[in-house]
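Here the sequence shown stands for residues 8 to 469, where the numbers follow my numbering.
Think of the CB as a built atom: it goes at the ideal place given N, C-alpha and C, for glycine as much as any other residue.
Single-structure report; data block below.
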Amino acid sequence: MFKAETYILRRKLLRKSVGSGLLIFLANEESPMNYTANPYHYRQDSSFLYFFGLASPGLAAIADADEGTDTLYGDDIGIEDIIWMGNLPTIKARALEVGVRRTAPRAVFDEKVRQALAAGRPVHYLPPYRPDNMTVLGDLLGIPVKELKARASAAFIKASVDQRIIKSKEEIREMESAVAVSQEMYLSAMKLAKPGRYEYQVSGLMEGIALAYDMHLAFPPIVTINGQTLHMHAHDNMLVKGRLLVLDCGAEAASGYASDITRTVPVGGRFNARQKAVYEIVLAGQESAVKAIKPGVSFKDIHLQTARVMAGGLKALGLMKGDVAEAVAAGAHALFFPHGLGHNIGLDVHDMEDYGENHVGYGEKVERSKQFGLAYLRMARELKPGHVLTVEPGLYFIPSLYALWRKEKKHRDFIVYDAVEKFLDFGGARIEDDVLVTETGRRVLGPPIPKKVADIEKACRA
Ligand code: GLY
Ligand code: MN
Ligand code: MN
């Protein structure tokens with residue numbers, strides 16, 4: 008948690024930006040795994056965390072833009088809970104930690120919202136994503152659950168995005184602490200990536216390191232020798248020589264700030280010639296993308312530039328042909344690079360994605376492409392100092408996509424299908440770092456994590 012002043016200022020700016028009405032917040036509740044008393048790891052809602060700082064269930068809050076007040080709603084625990092949970096600070100004391108002077112029991116929140124609705128005052132809410140809070144909100148506002156997302160407050164979303172997308176020094180410090188722990192996770196994983204080990208041993212080791220630093224994982228990790236499947240969350244394969252191990256994993260600091268790093272390592276610690284050739288293309292793409300980051304440049308343009316760098320590499324390798332710029336404009340590179348270059352990161356690994364991807368990554372000025380590949384780009388905005396983004400290009404050989412495109416003769420002026428066929432047992436390679444846009448350029452967050460071929464091979468041998 009930051010000092011109270013941080014939250015006071017955040018809420019003041021939010022109230023001012025939205026202008027009128029009530030801005031309502033629901034904390035996340037415990038989420039049961041298999042019965043109520045056996046919950047998943049608790050994670051507070053990021054908007055609640057950002058504006059009210061408190062990471063526990065049973066809370067709600069209202070920022071009243073007309074009155075200029077903030078109120079925290081929650082119930083002090085009684086003796087029955089004290090027996091099981093110990094003495095906890097009162098709601099009043101917790102509210103003061105985040106600069107809120109007004110508190111009331113949780114039930115009063117519902118009353119206040121109903122009174123406001125009856126008086127015809129605007130009640131602004133953010134799109135809910137957890138089923139239990141959807142039910143609570145739907146009942147309270149008299150809105151069918153399936154309409155809740157569409158009827159969320161555009162003004163509240165925009166004001167929150169405008170604030171949260173620019174990270175302060177204290178937020179960046181938290182994110183760097185998460186990358187620092189990720190560095191240890193990656194160095195340990197590289198040492199373990201030997202033939203005969205299992206993916207779950209590597210993912211377990213990485214998660215254990217995060218836990219040992221009082222952190223958690225920011226998202227379900229990808230630890231796979233089948234990197235051609237982009238979101239492969241199974242970890243049950245044995246590591247075998249000749250495969251690349253894709254490690255996409257990130258620690259989340261106790262404060263909630265995320266890191267999101269990917270490294271690709273050869274099982275056994277040495278890239279073979281084919282792996283090296285493809286990996287070097289991804290690395291060239293990633294490094295050129297990082298270098299291009301500075302205020303005023305559009306991230307969509309950097310995505311396209313990276314695609315051209317990698318398409319140029321694939322052409323040199325004999326897998327693509329023709330004019331590289333034309334190939335990328337047509338979307339031919341997406342056979343190998345079918346996802347976006349990156350996304351905003353902060354309290355969420357895909358920051359604020361609960362508000363809707365386009366609100367965060369596109370805003371009002373940029374329109375999202377419908378072209379296969381480019382359509383998956385989550386962040387296309389012009390860069391500003393304080394943005395923190397992931398830069399995560401990759402190249403993949405996806406047999407089913409290859410078979411489909413080949414059958415359809417898709418982009419055959421740009422793709423050398425006979426040559427690509429020889430790579431269908433390759434898998435995939437991706438490299439990802441978290442990058443801050445500074446006044447003059449960029450800074451890769453955290454301590455360096457090996458990514459050049461020689462450095463990865465050295466780390467694997469350590
Ligand atoms: N780890 C998910 C992502 O890279 O976006
Ligand atoms: Mn990632
Ligand atoms: Mn990412």
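A distance of 8 Å or more separates the beta carbons of phenylalanine 32 and alanine 72. Here DSSP, grouped into helix, strand and coil, assigns histidine 223 to strand. Rounded to whole angstroms, the separation of the alpha carbons of phenylalanine 278 and alanine 70 is 55 Å. At least one heavy atom of ligand 1 is found less than 7 Å from the C-beta of aspartate 267. Distance between aspartate 77 and glycine 145, taken at the CA atoms: about 23 Å. Between glycine 370 and arginine 388, the gap from beta carbon to beta carbon is short of 8 Å. In the same chain as phenylalanine 55, and ignoring 5 residues on each side of it, the C-beta atoms closer than 6 Å to its own belong to Phe32 and Ala34, in chain order. Across the set Tyr264, Asp440, Val304 and His240, the C-alpha of Tyr264 shows the shortest separation from the C-alpha of glycine 60. Here the distance from the Cβ of glycine 127 to the nearest heavy atom of ligand 3 is not below 7 Å.
With respect to isoleucine 438, threonine 271 sits close: the two C-beta atoms are nearer than 8 Å. The DSSP-derived three-state label of proline 273 is strand. Under DSSP, tyrosine 42 forms no beta bridge with any residue. The three-state reading of DSSP puts valine 451 in strand, counting E and B together.
In the three-state reduction of the DSSP assignment, arginine 250 falls in the coil class. Counting along the chain, leucine 324 sits inside no alpha helix (DSSP H), nor does DSSP assign it H or E at all. The C-beta separation of alanine 258 from methionine 317 comes to about 28 Å, leaving the pair out of contact by the 8 Å criterion. Annotated as proximal: phenylalanine 163 and leucine 30, with beta-carbon spacing under 8 Å. Residue burial annotation: threonine 447 is exposed, with fewer than 16 other C-beta atoms found within 10 angstroms of its C-beta. Boundaries for tyrosine 264: no alpha helix (DSSP H) harbours it, and the DSSP string shows neither H nor E there. In the DSSP annotation of this structure, the continuous segment of the beta strand (DSSP E) that includes glycine 435 starts and ends at 435-437. The beta carbon of leucine 194 lies closer than 8 Å to those of Ile456, Pro457, Ala466 and Ala469 in the same chain, with the five residues before and after it left out.
When only Cα atoms are considered, glycine 211 and methionine 192 end up about 10 Å apart. Taking the C-beta atoms as reference points, glycine 292 is found nearer than 8 Å to proline 400. The three-state secondary structure of leucine 29, taken from DSSP, is strand.
The beta-bridge partner set that DSSP reports for cysteine 256 consists of Ile268. In terms of CA proximity to alanine 166, Val25 leads the group Gln282, Met182 and Val25.
Restricting attention to beta strand (DSSP E) runs no shorter than 3 residues, the stretch 109-137 encloses them at 109-111, ordered along the chain. In this chain, glycine 368 is not harboured by any beta strand (DSSP E); it is covered by the alpha helix (DSSP H) spanning 364-368.
Only residues of its own chain outside the window of five on either side were considered, and among them none has a CB closer than 8 Å to the CB of glutamate 415.
Taking the Cβ atoms as the reference, threonine 313 lies roughly 4 Å from alanine 296, within the contact range of under 8 Å. DSSP, read as helix, strand or coil, puts glutamate 464 in helix.
Pairing glutamate 87 with arginine 375, the inter-Cα distance amounts to about 53 Å. In this structure, ligand 2 has a non-hydrogen atom nearer than 7 Å to the beta-carbon of aspartate 255. The beta carbon of aspartate 139 lies closer than 6 Å to those of Glu36 in the same chain, with the five residues before and after it left out. DSSP, read as helix, strand or coil, puts glutamate 389 in strand. The continuous beta strand (DSSP E) containing aspartate 441 extends over residues 440-444.
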